[in-house]
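In this text, residue positions in the sequence shown follow numbering that gives the first Met the number 0: the first is 0, and each later residue adds one.
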Amino acid sequence: MPHTNNCSKLLLKIPELGVSDGCSLDEVLPPSFNTCSPLPATSSEKIRQWVFNPDEELLNNLSDSEIQCMFMRGTLHTDFDNSEPIAAICKFTFGGDCIQDAALLEREARFYTDNLRQLQGNGIPHFFGFFRGREEDYYDISALLLEDVGDPIQGEAFVCGRRTDMIRQVLGTMLEIHKAGLIPQSCYFNHHSVLERTIDGENQYTLVGFSNALHSNKHDPTEQCECIGMTIDDIGIADWKRRQVRCSEFRQHCEKMDIWIPSPIYYTVPDGRHTLARIDPYYARSEEMLTEYLKETYGDKIKNPEAEAKYLFKKIMTSNGDRIDKVGWPAKKSG
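See the structure below:
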């Protein structure tokens with residue numbers, strides 16, 4: 000629902016930059032109002048000023064590899080009657096050298112108001128507006144306001160031992176983003192792009208960081224992408240066999256996230272009787288890589304690593320297995 004009167008203002012306080020009283024910024028892009036938005040339902044015609052009150056210090060655990068920007072966690076207040084403070088994140092750039100970064104920040108904001116508009120609140124944070132202004136004729140400031148949706152997941156959790164509930168949510172959101180016509184470049188393995196929070200005992204994962212997202216080549220208005228109509232169940236998370244994903248662009252997402260590769264596999268080495276071997280996912284891509292891994296890791300404990308690698312790769316990794324609770328198999332023993 001667009002604003003019907005004059006644009007809103009944002010009073011942004013940045014104590015670290017000496018802007019304690021607040022810098023007044025002009026609205027460039029208004030927030031998105033929908034049924035699940037935390038904003039007051041009738042506020043779109045009444046908000047004249049937003050006030051962002053930051054927490055004590057800048058956030059160090061959030062980053063954007065594409066933009067030189069800063070993050071603040073705080074509360075967002077409006078002049079709308081009886082409105083409650085909203086937990087929000089302010090992503091901003093400042094200074095004379097920030098022209099390119101400010102342009103990327105605005106580009107990201109426009110994705111929220113266009114392609115990602117209908118996804119807000121479902122794997123994508125709510126967008127509260129994009130603002131621009133100048134502090135005392137010195138700082139050029141651009142600010143993007145988003146819903147606070149938690150903290151980045153730990154890096155290791157995104158690489159190994161990954162829970163299928165996390166992969167299912169992340170990949171499901173990426174599928175919907177792709178259906179909306181975008182390719183979220185920074186979301187492949189960058190754990191800073193996946194934020195986690197717990198609501199009513201359930202883990203919820205949200206994707207952020209769309210400054211360098213690309214428009215999909217598969218979403219030409221004259222032709223329909225193969226991913227339209229596809230669901231997350233069609234992909235086969237934690238399956239031992241690769242599924243046929245007809246959309247080549249989205250298949251690259253699946254391959255880069257290694258959703259079909261066990262990580263790790265535990266089994267008893269036949270030649271070693273009671274030796275428990277562990278295979279990391281990186282070495283499970285070919286018989287040759289697996290052979291070298293077994294030689295280097297277990298040495299003389301495995302008398303015929305070539306035969307063992309062939310057995311593991313063909314008989315276990317590509318022929319057996321069921322869905323389990325982790326992308327990272329429990330003990331799978333042979334011999």
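Glycine residues also receive a C-beta, built at the ideal position from the N, C-alpha and C atoms.
Remember, predicted model here, so these are calculated numbers, not experimental data.
| query | result |
| --- | --- |
| From 8, 129, 115 and 116, pick the residue whose C-alpha is nearest to that of residue 105; which is it? | 129 |
| Apart from the five residues on each side of it in sequence, which residues of its chain come closer than 8 Å, Cβ to Cβ, to residue 21? | 10, 11, 12 and 50 |
| Does the beta-carbon of residue 114 have 16 or more other beta-carbons within 10 angstroms, so that it is buried, or is it exposed? | buried |
| Identify the continuous alpha helix (DSSP H) that holds residue 304 and give its terminal residues. | 304 to 310 |
| Using the C-alpha atoms, what's the distance from residue 245 back to residue 93? | 43 Å |
| Using three-state DSSP, classify residue 122 as helix, strand or coil. | coil |
| Would you grab the beta carbon distance between residue 196 and residue 149 for me? Rounded to a whole angstrom, and I think it's under 8 Å. | 3 Å |
| Identify which residue in 202, 234 and 30 has its Cα closest to the Cα of residue 111. | 30 |
| Indicate the three-state DSSP secondary structure (helix, strand or coil) for residue 83 in the structure shown. | coil |
| Residue 87 and residue 146 look like a contact to me (Cβ under 8 Å); what is the Cβ gap, rounded to whole Å? | 6 Å |
| Which residues in the same chain as residue 132 place their Cβ atom closer than 7 Å to its Cβ, once the five residues preceding and following it in sequence are excluded? | 22, 23, 24, 25 and 140 |
| With 16 other CB atoms within 10 Å as the buried threshold, where does residue 323 fall? | The predicted model places residue 323 with a pLDDT of 34, which falls under 50 and marks its position as unreliable; any figure quoted below should be read in that light. Counting Cβ neighbours within 10 Å, residue 323 comes out exposed, since fewer than 16 surround it. |
| Leaving aside the five residues before and after residue 230 along the sequence, list all residues of the same chain whose C-beta is less than 7 Å from its C-beta, in chain order. | none |
| When DSSP labels each residue in this structure, what does residue 245 get in the three-state scheme? | coil |
| With the cut-off set at 9 Å, would you say residue 108 and residue 75 are in Cβ contact? | no |
| State the Cα-Cα distance for the pair residue 120 and residue 69, rounded to the nearest angstrom. | 23 Å |
| Are there 16 or more other CB atoms within 10 angstroms of the CB of residue 175, so buried, or fewer, so exposed? | buried |
| Apart from the five residues on each side of it in sequence, which residues of its chain come closer than 8 Å, Cβ to Cβ, to residue 200? | none |
| Can the beta-carbon of residue 210 be found less than 9 Å from the beta-carbon of residue 181? | no |
| Which stretch, first to last residue, makes up the alpha helix (DSSP H) that contains residue 115? | Looking at the DSSP string, residue 115 is not in any alpha helix (DSSP H), and its letter there is neither H nor E. |
| Helix, strand or coil: how does DSSP classify residue 14 here? | helix |
| Consult DSSP for residue 148 and reduce its assignment to one of helix, strand or coil. | coil |
| According to DSSP, residue 206 sits in a beta bridge with which residue or residues? | 193 |
| What's the gap between the Cα of residue 127 and the Cα of residue 177? | 23 Å |
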